[in-house]
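Visitor: Just so you know, numbering that gives the first Met the number 0 puts 57 at position 58 of the sequence shown, and the rest follows in order with no gaps.
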Amino acid sequence: MASWIAQGKSNEEIAGILGVGLDAVKAHVKAINSKIDSDSRRAAIVIAHTTPPFADLPPLWKLGLEG
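(1) Let me check understanding here. Comparing Cα to Cα, which of N10, I35 and K34 lies closest to A23?
(2) Excluding the 5 residues preceding and the 5 following G20 in the sequence, name in chain order all residues of the same chain whose CB lies nearer than 7 angstroms to its CB.
(3) What did DSSP end up calling D36 once you bin it into helix, strand or coil?
(4) To the nearest angstrom, how far is the alpha carbon of V28 from that of P51?
(5) Within 10 Å of its beta-carbon, does A42 have 16 or more other beta-carbons around it, so buried, or fewer, so exposed?
(6) Can you tell me the Cα-Cα spacing of Q143 and I35, whole angstroms?
(7) Assuming the contact rule is C-beta atoms closer than 8 angstroms, I74 and R40 should be a hit. Round their C-beta distance to whole Å, please.
Structure, rendered in structure tokens:
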């Protein structure tokens, strides 16, 4: 899900890709933000790309995940 968020996909698009309800995606995004003490999607992506060990990985949008 993080790679789709990094690609700028909306909650609705992610729900469609995963075949789950919008509320499920919203709950997961909220849980991710809570775990990393973030208040926005953009902040979560910045944290994911600047905080080890994530910062040592290639950018999420370059991992070849289709969606």
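Here a beta-carbon is modelled for each residue, glycine too, at the ideal position from N, C-alpha and C.
Guide: Looking at the coordinates:
(1) Here residue 23 is taken as the residue at index 24 of the sequence shown, counted from 1. Of the residues N10, I35 and K34, the one whose Cα lies closest to the Cα of A23 is N10.
(2) The residue you call residue 20 lines up with position 21 of the sequence shown. Around G20: A14.
(3) Indexing the sequence shown from 1 puts residue 36 at position 37. DSSP places D36 in coil when its eight states are reduced to three.
(4) If you number the sequence shown from 1, residue 28 lands on position 29. If you number the sequence shown from 1, residue 51 lands on position 52. The alpha-carbon atoms of V28 and P51 are separated by roughly 20 angstroms.
(5) Counting from 1 along the sequence shown, the entry for residue 42 is found at position 43. Result: exposed.
(6) In this structure the chain extends from 0 to 66, so residue 143 is not present and cannot be described.
(7) Outside the displayed range of the chain (0 to 66) lies residue 74, so it cannot be described from this structure.
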